[in-house]
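K.L.:
What follows is a structure written as structure tokens; I'll ask about it next.
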Amino acid sequence: GQQLNQSPQSMFIQEGEDVSMNCTSSSIFNTWLWYKQDPGEGPVLLIALYKAGELTSNGRLTAQFGITRKDSFLNISASIPSDVGIYFCAGKNYGGSQGNLIFGKGTKLSVKP
Amino acid sequence: NAGVTQTPKFQVLKTGQSMTLQCAQDMNHEYMSWYRQDPGMGLRLIHYSVGAGITDQGEVPNGYNVSRSTTEDFPLRLLSAAPSQTSVYFCASSSDRGYSLYYNEQFFGPGTRLTVL
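These protein sequence lines are chains A and B, in that order.
Each step along the first sequence adds one to the number in the numbering used here, with nothing skipped, and position 34 is 34.
Each step along the second sequence adds one to the number in the numbering used here, with nothing skipped, and position 60 is 1060.
Here it is as structure tokens:
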């Protein structure tokens, strides 16, 4: 089945730093999604991308749908403490059971001690 | 509008016991799904439903049963709990049945934390 490789697995941030993470797939997707999960909560959608090459922003977050349709990137600018959590990428195709989401393993953002 | 609700929030079972995790949504969504989340594994799809009376298997269905008698409810049954089923379980719903070009957001419940001893 399709698999997503998300990196890095974890990272430490200092307030004000920019953060980058990415997701790659062994096969193409029609839609790329980025979710954030706070401790003890379910994931919440941040950004959805529908077209190869598309660049979409949501406040300090910017995500891109890779040209090959096999990858996506998420950048967080000027990080703040409430950015900590786990960020998941997810891919989706449309049509029948392919409409289900395939999730990456997550990137855990923590604050530098 | 409560969104997606899950009960219980925490549960401890002994090996071999059975139980049902409850999930309900009040958004009139056709699509509902169950995921399990294990450390370092992300979310993996267990079962899903595209409408009342229709269910199908996801990536990791073994040991779990589902049914969808109403649009609102999608319970997940553990038939004979095993330690390997210790996990956090998330239910999600969406108006997206998978056929639309644009993604209709999946809304997740708060999760059920299950420990099997």
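Ideal Cβ placement from N, Cα and C applies to all residues, glycine included.
Suppose the cutoff is 8 Å on Cβ atoms and the five residues either side in sequence are ignored; what does the same chain contact list for residue 1014(B) look like?
P.N.:
In the second sequence, counting from the first residue as 1, residue 1014(B) sits at position 14. 1081, 1116 and 1117, listed in sequence order.
K.L.:
Below 8 Å, can you find three or more Cβ-Cβ pairs linking the stretch 83–90 of chain A to the stretch 1016–1034 of chain B?
P.N.:
With a cut-off of 8 Å, the stretch 1016–1034 of chain B and the stretch 83–90 of chain A do not count as touching, because too few Cβ pairs lie within range.
K.L.:
Here's the rule: buried if 16 or more other CB atoms are within 10 angstroms of the residue's CB, otherwise exposed. What is residue 1112(B)?
P.N.:
Along the second sequence, read from residue 1 onward, the residue named residue 1112(B) stands at position 112. It counts as buried.
K.L.:
Of all the options 40(A), 69(A) and 43(A), which has the alpha carbon lying nearest to the alpha carbon of residue 140(A)?
P.N.:
Missing from the structure shown is residue 140(A); chain A here goes from 1 to 113 and no further.
K.L.:
Can you tell me whether residue 1070(B) is buried or exposed, with buried defined as 16 or more other CB within 10 angstroms of its CB?
P.N.:
Start at 1 with the first residue of the second sequence, and residue 1070(B) comes out as number 70. By the 10 Å Cβ count, residue 1070(B) comes out exposed.
K.L.:
How big is the Cα-Cα spacing for residue 1016(B) and residue 64(A)?
P.N.:
Within the second sequence, numbered from 1, the residue matching residue 1016(B) stands at position 16. Within the first sequence, numbered from 1, the residue matching residue 64(A) stands at position 64. So the alpha carbons of these two residues sit roughly 46 Å apart.
K.L.:
Count the other CB atoms, across all protein chains shown, that sit within 10 Å of the CB of residue 49(A); report buried if there are 16 or more and exposed otherwise.
P.N.:
Residue 49(A) sits at position 49 when you count from the first residue of the first sequence. That one is buried.
K.L.:
Does DSSP put residue 1085(B) in a helix, in a strand, or in coil?
P.N.:
Counting from one through the second sequence, the residue named residue 1085(B) turns up at place 85. Helix, per DSSP.
K.L.:
Closer than 9 Å, CB to CB, is residue 1072(B) near chain A or not?
P.N.:
The residue you call residue 1072(B) lines up with position 72 of the second sequence. Cβ-Cβ to chain A under 9 Å: no for residue 1072(B).
K.L.:
Tell me which same chain residues have a C-beta within less than 8 Å of the C-beta of residue 101(A), skipping the five on either side of it?
P.N.:
Locating residue 101(A) in the first sequence gives position 101, counting from the first residue. Here the set comprises 33, 90, 91 and 92.
K.L.:
Would you mind telling me which residues of chain A sit closer than 8 Å to residue 1105(B), beta carbon to beta carbon, in chain order?
P.N.:
Indexing the second sequence from 1 puts residue 1105(B) at position 105. Residues of chain A passing the Cβ test: 45 and 48.
K.L.:
What is the residue span of the beta strand (DSSP E) that residue 100(A) lies within?
P.N.:
Your numbering for residue 100(A) matches position 100 in the first sequence. First-last for residue 100(A): undefined, no H or E at that position.
K.L.:
Give a yes or no on whether the C-beta atoms belonging to residue 1075(B) and residue 1067(B) are separated by under 9 Å.
P.N.:
The sequence position of residue 1075(B) within the second sequence is 75, counting from 1. The sequence position of residue 1067(B) within the second sequence is 67, counting from 1. A contact, by the Cβ cut-off of 9 Å.
K.L.:
In terms of alpha-carbon separation, which member of 1094(B), 1093(B) and 1089(B) lies closest to residue 40(A)?
P.N.:
Residue mapping note: residue 40(A) aligns to position 40 of the first sequence, counting from 1. For residue 40(A), the nearest C-alpha among the options comes from 1089(B).
K.L.:
In whole angstroms, what separates the C-alpha of residue 1093(B) from that of residue 1052(B)?
P.N.:
Taking the second sequence and counting its residues from 1, one reaches residue 1093(B) at position 93. Taking the second sequence and counting its residues from 1, one reaches residue 1052(B) at position 52. Cα-Cα distance, rounded: 13 Å.
K.L.:
What three-state label does DSSP hand residue 1069(B) in the structure shown?
P.N.:
As a position in the second sequence, residue 1069(B) is number 69, starting the count at 1. Of the three classes helix, strand and coil, the one that applies to residue 1069(B) here is coil, per DSSP.
K.L.:
Helix, strand or coil for residue 38(A)? Go by DSSP, reduced to three states.
P.N.:
Along the first sequence, one-based indexing puts residue 38(A) at 38. Coil, per DSSP.
K.L.:
Go ahead and pull the three-state DSSP assignment for residue 71(A).
P.N.:
Locating residue 71(A) in the first sequence gives position 71, counting from the first residue. It is a strand residue.
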